[in-house]
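Comments concern the structure below.
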Amino acid sequence: MTLHWRIEELNPPFGDPGFFLLHNYSGQALLFDLGDLHKLSAKQILKVSHIFISHGHIDHLIGFDQLLRMTLNHAKHLYLYGPPGIIEIIGHKLQGYSWNLTAHHELLITAHEIHEKSIAQCTFACHHKFHPEPEISTARNSSTICKTPTYKMTATTVDHGIECLAFTLTEPLQIKFLPEKIKARGWSPGPWLCKTHQHLQSESSAETLIEIAGHNHQIQEIAEAVTQIKPGLKIAYVTDTGFTPENRQKLLTLITGADLLLCEAAFLEKTADKAQISKHLTAAQAGQLARLANAKELRLFHFSPRHTDEKNEFYRQAGKHFNGPIS
8 MTLHWRIEEL
18 NPPFGDPGFF
28 LLHNYSGQAL
38 LFDLGDLHKL
48 SAKQILKVSH
58 IFISHGHIDH
68 LIGFDQLLRM
78 TLNHAKHLYL
88 YGPPGIIEII
98 GHKLQGYSWN
108 LTAHHELLIT
118 AHEIHEKSIA
128 QCTFACHHKF
138 HPEPEISTAR
148 NSSTICKTPT
158 YKMTATTVDH
168 GIECLAFTLT
178 EPLQIKFLPE
188 KIKARGWSPG
198 PWLCKTHQHL
208 QSESSAETLI
218 EIAGHNHQIQ
228 EIAEAVTQIK
238 PGLKIAYVTD
248 TGFTPENRQK
258 LLTLITGADL
268 LLCEAAFLEK
278 TADKAQISKH
288 LTAAQAGQLA
298 RLANAKELRL
308 FHFSPRHTDE
318 KNEFYRQAGK
328 HFNGPIS
């Protein structure tokens, strides 16, 4: 598996959770959760444009102030995505400071609140002292919450005593045009190549027509005749969730087929009762989830400090249920 992302854990597994993902080609970065960010350099933080927050517990959000401090003097637009209540949380955090010297600062922060059937968004502008602009709500008709040129982000809500989001990043389809097949059809390269690529990436209707050499052809016909298409790589992020049937069903719908599953493993089997009470996963349950999802690789994080001297046991217990690579 060749990932197009450099993935760096924000802290050691017993520390605050979260990951920094840097795209190898675009140079853009995102964050899964906002735990302690002190391990990241200012240069890394300034590459971040999108932040996906699972929920509002302090160990998942304490790094917001450092993110704010590092980006404050820059003309950036940060996009945050989180569960219901995240707009209010971000608003309160921003109003915890005085902003009388920032009239010419250009930082914008837009927080998106993911509801079952809608997405609410609110922008906070530094030059307006981060006072919230009017909220905008749009209908949500699928699991997709965000699309960029380099990935699509989908999400589902799980139960952690409060609503908590799990995320899956999916890269665009890998589309390869086959010159020998194009030649065999008697076609010449032209604008239709770009149009075909765009329609396939945007998942247009199979009946969409594209003109080639004066004749219209359906996008499905073109794809089958002259392309080789592979699904984009898939990276899933799961944290702070109980191993209940309802949570499992929701997660498997979202993460099945993940090339890499980033999954919390808060407790060991001997403290499984604490995992159930606090609505976290054990290492064994993380392994079971990876197996059920047919994930190719599993990466564990968010270990409980009560097991500080038993780090290797997390990997051993997960490995009893998942045969793929575990780190």
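To convert, count from 1 in the sequence shown and add 7; that's the working numbering. Note that CB positions come from ideal geometry on N, CA and C, so glycine has one too.
| query | result |
| --- | --- |
| Stretch pair the stretch 216–223 + the stretch 154–161: three plus CB contacts closer than 8 Å | no |
| Start and end residues, alpha helix (DSSP H) containing Q35 | First-last for Q35: undefined, no H or E at that position. |
| Minimum C-alpha distance to K124 - residue among F39, P90, L44 and I116 | P90 |
| Stretch-stretch touch, CB-based, cutoff 8 Å, three pairs: the stretch 105–114 with the stretch 76–85 | yes |
| Extent of the continuous alpha helix (DSSP H) to which I93 belongs | I93 to L101 |
| Beta-bridge partners of D23, as assigned by DSSP | D23 pairs with nothing; no bridge assigned. |
| Residue environment, T145, which counts as buried when at least 16 other CB atoms sit within 10 Å | exposed |
| Whole-number beta carbon distance between A300 and K327, since they are thought to touch under 8 Å | Going by Cβ atoms, the distance from K327 to A300 rounds to 17 Å, so no, they are not a contact pair. |
| L41 beta carbon less than 8 Å from that of I60 | yes |
| Where S125 sits in the DSSP three-state scheme | strand |
| Three-state secondary structure assigned by DSSP to A220 | coil |
| Residue range of the alpha helix (DSSP H) that includes R255 | P252 to I262 |
| Secondary structure of W199, DSSP reduced to three states | helix |
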